[in-house]
Every structure is written in structure tokens, then in C-alpha cells.
Amino acid sequence: SQQGEEDPQALSIQEGENATMNCSYKTSINNLQWYRQNSGRGLVHLILIRSNEREKHSGRLRVTLDTSKKSSSLLITASRAADTASYFCASLGSGTYKYIFGTGTRLKVLA
Amino acid sequence: DGGITQSPKYLFRKEGQNVTLSCEQNLNHDAMYWYRQDPGQGLRLIYYSQIVNDFQKGDIAEGYSVSREKKESFPLTVTSAQKNPTAFYLCASSDRTSGTTNEQFFGPGTRLTVL
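As you go down the protein sequences, you meet chains A and B in turn.
The letter at position 27 of the first sequence is residue 27 when you use the numbering used here, and the numbering goes up by one with no holes.
The letter at position 65 of the second sequence is residue 176 when you use the numbering used here, and the numbering goes up by one with no holes.
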């Protein structure tokens, strides 16, 4: 399978806690992106990190990229019930327009 | 409003019928994509198009066909050859500014059910 992998598959935390999810990919990349999907909806872009970047922040989101390990992590700080959703990483291979999506992490934030 | 629209939102098909899912974007993006999502799964690429009148097969193209006659439109036909078409179908587009592919913008999806 060309799909990337994410772990954990599911994560349940209390409001106010931090949530960390990890993504692994298989080939060299141009960039890696994280998306959020609410149940039954389309995906919403959260953050993009390029292959020459190691860390990026956007509001309560922090993304890291380790190209030597072919892995990325998404940290959501001070989580809220509204953060409940599925989160996907998508890697864009070098010299291609084809995105490879991970299998997703289902996050549930309990109020 | 700029964005991507997909229609219909829900589609029911009898076995043996072909159906066409619509995807339109007014973002002036060159690249467009079709994905299939099964319950609890990630997205799998069906077809993608980098430019008008050109498209490439993705990982699961069998039983599907596309056309890209206009920049704004990338319809997907699910043919009777697709053995298990019941799924959620997502269309996306992206820009190629400065030779770098950026984020994808997604439509709201079409849920196809075969009866």
C-alpha cells in the first residue's frame, strides 16, 4: 500500500489536555500537510511544512518534520471539544503532484 | 465565494448503472483530484489532473473514468465495472504557484450508495 500510516488510530482526551498524533511516510517529499475532517464532511487544510523545515506553528497547532525518519507529528495544545474530528497527514512526493494520505487519527475531546 | 462544489451530496445507484459525480472549482487552480474514502479509512487517489485535457490514474482507477475539458470542471464517472462503488467521494484542487504545489482545497463530498 502506498498509504502513509498514522498513530494512534484513535485518541480520547479531556478538554484542556494536549493531543499528539504521528504520521509516517515512505518516499522523499516536497512537503507534508495536515488536514482535519469533521464527520461526513470534506477536509480542511490545517498546516503545511516543507521538506527543509523542521517545525512550524499555527495558533494551537505545532507540526514537526523529521525527514531522516520519514515522520511528522501534529500537536494540538489546550484541546477543546470542538477539536473533535479526524486528522490526516498528506505527503507530496518530490517532483510529483500526487498526495499520499495517511490512514488518519480519530480524536475525541471530552468536555 | 471562491471554492469547490460537488454535486449531488447524496447519490443512489442501481447495480449496473453508470453515474457521474460533478466537481467544479472557481479558484483558478490547475490541478484537480478525486479521492475515495471508505468508513474509518484514509483517502485513496482515483484520478488526478495537472492541467486541462490531461489526467493520470491514481492508485484505484479501475472502474472509474474522468475528463478535464475545462479548467473549472473535473467530473468523475463511476462505471458498472467498479465492483464496490459505495463510498464517500471527495474532489480537491490545488495551485501550482512558482512550481510549488501547495495545500489542497476540498469539496464537501458526494456519498454514493449502490442499491
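Even glycine gets a Cβ: it sits at the ideal position worked out from N, Cα and C.
These figures come from a predicted structure and were not determined experimentally.
is_contact[residue 61 of chain A, chain B] using C-beta, thresh 8 angstroms
no
Cβ distance (whole Å) where residue 64 of chain A is taken to contact residue 73 of chain A below 8 angstroms:
5 angstroms
Closer than 8 angstroms by beta-carbon distance: list the chain A residues that pair up with residue 172 of chain B, in chain order. Simply none; closest approach about 12 angstroms.
Quiz item: By how many angstroms is the C-alpha of residue 137 of chain B removed from the C-alpha of residue 4 of chain A?
Solution: 30 angstroms
Counting only beta-carbon atoms, is residue 224 of chain B nearer than 8 angstroms to chain A? no
Would you kindly check if the distance between the Cβ of residue 79 of chain A and the Cβ of residue 18 of chain A is under 8 angstroms? yes
Problem - Span separating the alpha-carbon of residue 224 of chain B from that of residue 141 of chain B - result: 30 angstroms
- Query: When DSSP labels each residue in this structure, what does residue 10 of chain A get in the three-state scheme?
  - Reply: strand
Give every residue of the same chain whose Cβ lies closer than 7 angstroms to the Cβ of residue 31 of chain A, excluding the five residues on either side of it in the sequence, and list them in chain order.
48, 49, 50, 51 and 92
Margin query: Which residues in chain A have a C-beta closer than 9 angstroms to the C-beta of residue 217 of chain B? List them in chain order.
Written below: 35, 37, 41, 42, 43, 44 and 45
- Cβ of residue 87 of chain A less than 8 angstroms from any chain B Cβ? no
Just tell me which of B:117, B:197, B:144 and B:155 has its CA closest to the CA of residue 166 of chain B.
B:144
**Asked** Of the residues that make up the stretch 179-201 of chain B, which ones have a beta carbon closer than 9 angstroms to any beta carbon in chain A?
**Response** 199 and 201
Taking 8 angstroms as the limit between beta carbons, can you name the residues of its chain near residue 2 of chain A, skipping five residues before and five after? Model confidence at residue 2 of chain A stands at a pLDDT of 49, short of 50, so the residue's coordinates are unreliable; what they give is reported in the following sentence. Around residue 2 of chain A: 26 and 100.
Can you tell which of A:55, A:95 and A:81 has its C-alpha closest to the C-alpha of residue 110 of chain A? A:81
Could you check whether the Cβ of residue 2 of chain A sits closer than 8 angstroms to any Cβ belonging to chain B? Below a pLDDT of 50, predicted positions are generally treated as unreliable, and residue 2 of chain A, at 49, falls in that range; the measurement from the model is reported next regardless. So, interface residue.
**Prompt:** When DSSP builds the beta bridges, which residues end up paired with residue 109 of chain A?
**Reply:** A:13
inquiry  = Going by C-alpha to C-alpha distance, which of A:103, A:94, A:85 and A:76 sits closest to residue 56 of chain A?
reply    = A:76
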